[in-house]
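Number of protein chains: 2
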Amino acid sequence: MDKPNTTGPTRMTRQRKVIMEALKHTTSHPTADEVYAIVRTKLPNISLATVYRNLVLLTEAGLASKLEMGGPPKRFDGRAATHCHIRCLSCGKVDDLTADPAIDLRPAMRALSGYEVTGHRLDIVGYCPRCKAQRDKAYKNNSGR
Amino acid sequence: MDKPNTTGPTRMTRQRKVIMEALKHTTSHPTADEVYAIVRTKLPNISLATVYRNLVLLTEAGLASKLEMGGPPKRFDGRAATHCHIRCLSCGKVDDLTADPAIDLRPAMRALSGYEVTGHRLDIVGYCPRCKAQRDKAYKNNSGR
DNA sequence: CTTGTAACTGATAACTGCTAGCATTAGGAA
DNA sequence: TTCCTAATGCTAGCAGTTATCAGTTACAAG
Chain A
748 MDKPNTTGPT
758 RMTRQRKVIM
768 EALKHTTSHP
778 TADEVYAIVR
788 TKLPNISLAT
798 VYRNLVLLTE
808 AGLASKLEMG
818 GPPKRFDGRA
828 ATHCHIRCLS
838 CGKVDDLTAD
848 PAIDLRPAMR
858 ALSGYEVTGH
868 RLDIVGYCPR
878 CKAQRDKAYK
888 NNSGR
Chain B
748 MDKPNTTGPT
758 RMTRQRKVIM
768 EALKHTTSHP
778 TADEVYAIVR
788 TKLPNISLAT
798 VYRNLVLLTE
808 AGLASKLEMG
818 GPPKRFDGRA
828 ATHCHIRCLS
838 CGKVDDLTAD
848 PAIDLRPAMR
858 ALSGYEVTGH
868 RLDIVGYCPR
878 CKAQRDKAYK
888 NNSGR
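Have a look at this one:
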């Protein structure tokens with residue numbers, strides 16, 4: 748199904764370069780559609796399919812990563828090194844966590860003999876400052892409930 | 748967008764009961780389609796939409812939980828209490844982790860002032876024993892590469 | 001520089017997983 | 001039993017993503 752594939756793409760096309768740039772220079776975690784919008788400012792004729800294909804290839808090559816939290820659409824991250832994210836339950840925004848929590852995986856690893864563990868992912872969910880403020884206000888208005 | 752809704756469903760229909768049973772009595776983490784297949788053995792005329800609707804309601808009511816790791820389709824879990832999962836990169840199977848890793852969220856929380864944190868989710872990825880064996884075999888055959 | 005060729009692209013059709021709309025059914029309080 | 005309306009089955013439709021394929025292009029070799 749998937750071998751230890753570390754080959755990645757072989758040719759550096761114009762499109763691929765622009766997509767890589769776009770990913771690298773955004774601190775947000777754009778969806779494929781957002782990446783499409785960004786690269787179209789440089790290459791107006793690029794196809795959405797090309798964006799999808801390259802996001803997959805770059806992810807497989809370890810040059811980007813795919814975030815699957817919070818349902819579709821998928822979001823992409825130019826930082827390949829795994830790090831922790833926080834997602835807002837209200838607006839769906841995903842932010843990086845600067846300070847990674849300390850995780851002791853040893854007890855889990857012991858329970859997982861037989862498995863080959865390749866990585867882990869810690870996601871925090873909650874409400875971003877903006878949405879938190881809105882909710883606080885709404886709750887105050889409904890306080891009779 | 749979403750208020751502190753804790754109401755949940757109000758009527759216990761035949762369909763809902765069967766879906767809850769199905770979720771409770773499976774240790775796997777079935778997709779909506781798999782739940783559909785299970786409940787159809789008891790209620791052949793049930794609609795797929797009903798399955799989806801009830802999975803959402805049960806999740807909102809805190810009687811089940813939704814797993815969003817590994818891309819579509821979503822998987823559901825009859826255990827509502829949050830716990831850690833391991834997902835196989837090859838076959839997509841999701842297993843429970845019996846021993847939860849210890850996570851120190853305090854450094855992260857400090858970086859997240861302004862946010863309202865409601866939860867977190869730790870997922871481990873890798874290869875299940877079955878797929879690991881297959882990969883090991885394949886690697887041996889290709890070892891000239 | 002030319003050539004060969006396989007990786008790549010753009011356009012678009014098709015697919016998957018899911019949800020909305022609506023007429024009909026049935027849980028359960030009175 | 002009656003009534004109200006939550007819930008259902010059916011199905012059309014949607015968003016996001018992937019497959020297909022003819023044409024294009026990066027780039028190694030000559």
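These protein sequences, in sequence, are chains A and B. Residue numbers for the first sequence follow the working numbering, so the first one is 748 and each next one is one higher. Residue numbers for the second sequence follow the working numbering, so the first one is 748 and each next one is one higher. Yeah, the Cβ is synthetic: ideal placement off N, Cα and C, and Gly gets one too.
Distance between beta carbons of residue j and residue i, contact taken as under 8 Å
{"i": "Leu859/A", "j": "Ile833/B", "result": "6 Å"}
{"i": "Asp847/B", "j": "Cys831/B", "result": "5 Å"}
Rounded C-alpha distance that separates residue i from residue j
{"i": "Ser812/A", "j": "Lys821/A", "result": "11 Å"}
{"i": "Asp780/B", "j": "Glu815/B", "result": "15 Å"}
{"i": "Tyr783/B", "j": "Cys875/B", "result": "25 Å"}
{"i": "Arg892/A", "j": "Val864/A", "result": "The predicted model places Arg892/A with a pLDDT of 38, which falls under 50 and marks its position as unreliable, so this point remains unresolved."}
{"i": "Ser794/B", "j": "Val786/B", "result": "10 Å"}
{"i": "His776/B", "j": "Gly825/B", "result": "8 Å"}
{"i": "Thr760/A", "j": "Tyr799/A", "result": "15 Å"}
{"i": "Leu844/A", "j": "Met856/B", "result": "9 Å"}
{"i": "His772/B", "j": "Leu810/B", "result": "13 Å"}
{"i": "Asp883/A", "j": "Leu790/B", "result": "44 Å"}
{"i": "Ile871/B", "j": "Gly839/A", "result": "23 Å"}
{"i": "Pro854/B", "j": "Tyr862/B", "result": "14 Å"}
{"i": "Glu768/A", "j": "His867/A", "result": "27 Å"}
{"i": "Thr774/B", "j": "Gln762/A", "result": "45 Å"}
{"i": "Lys764/B", "j": "Cys878/A", "result": "36 Å"}
{"i": "Leu708/B", "j": "Leu869/A", "result": "This structure cannot settle anything about residue 708/B, because the visible part of chain B is limited to 748 through 892."}
{"i": "Phe918/A", "j": "Thr829/A", "result": "Nothing about residue 918/A can be reported from this structure: the residues present for chain A run from 748 to 892 only."}
{"i": "Ala880/B", "j": "Gly873/B", "result": "13 Å"}
{"i": "Ala849/A", "j": "Val841/A", "result": "20 Å"}
{"i": "Asn745/B", "j": "Thr778/B", "result": "Since the displayed chain B opens at 748 and closes at 892, residue 745/B lies outside it and no answer follows."}
{"i": "Leu770/B", "j": "Thr788/B", "result": "14 Å"}
Reference residue i, options the options, closest by Cα
{"i": "Ala827/A", "options": "Glu807/A, Arg853/A, Cys838/A, Ile766/A", "result": "Glu807/A"}
{"i": "Thr757/B", "options": "Pro819/B, Val765/B, Leu805/B, Asp842/B", "result": "Leu805/B"}
{"i": "Ala796/B", "options": "Ile766/B, Arg868/B, Cys878/B", "result": "Ile766/B"}
{"i": "Leu836/A", "options": "Gly818/A, Arg857/A, Arg853/A", "result": "Gly818/A"}
Beta-bridge pairing of residue i - partner residues as DSSP gives them
{"i": "Thr797/A", "result": "Its beta-bridge partners do not exist; DSSP assigns none."}
{"i": "His867/A", "result": "Ile871/B"}
{"i": "Val841/B", "result": "Arg834/B"}
{"i": "Thr760/A", "result": "Partner(s): none; Thr760/A has no beta bridge."}
{"i": "Asp883/A", "result": "In the DSSP output, where bridge partners are listed per residue, Asp883/A has none listed."}
{"i": "Lys813/B", "result": "Phe823/B"}
{"i": "Thr778/A", "result": "Arg822/A"}
{"i": "Ile850/A", "result": "Ile850/B"}
{"i": "Tyr862/B", "result": "Ser860/B"}
Any non-hydrogen atom of the ligand ZN closer than 7 Å to residue i Cβ
{"i": "Leu844/A", "result": "Among the ligands in the structure shown, none appear at all, so the ligand ZN cannot be discussed."}
Near-chain B residues of the segment 844–863 of chain A (beta-carbon distance less than 9 Å), N- to C-terminal order:
So the close ones are Leu844, Thr845, Ala846, Asp847, Pro848, Ala849, Ile850, Asp851, Leu852, Arg853, Pro854, Ala855, Met856, Arg857, Ala858, Leu859, Ser860, Gly861, Tyr862, Glu863.
Using a Cβ-Cβ cut-off of less than 9 Å, list which residues of the segment 823–846 of chain B approach chain A; keep chain order.
Correct list: Cys831, Ile833, Cys835, Leu836, Ser837, Cys838, Asp842, Leu844, Thr845, Ala846.
Interfacial residues, the segment 768–779 of chain B to chain A, with Cβ spacing under 7 Å
Per Cβ criterion, the list is empty.
Would you list, in chain order, the members of the segment 863–883 of chain A that have their beta-carbon closer than 7 Å to a beta-carbon of chain B?
So the close ones are Glu863, Val864, Thr865, Gly866, His867, Arg868, Leu869, Asp870, Ile871, Val872, Gly873, Tyr874, Cys875, Pro876, Lys879.
If you measure beta-carbon to beta-carbon, which residues of the segment 802–826 of chain A are closer than 9 Å to chain B?
Answer in chain order: Lys813, Glu815, Met816, Gly817, Gly818, Pro819, Lys821.
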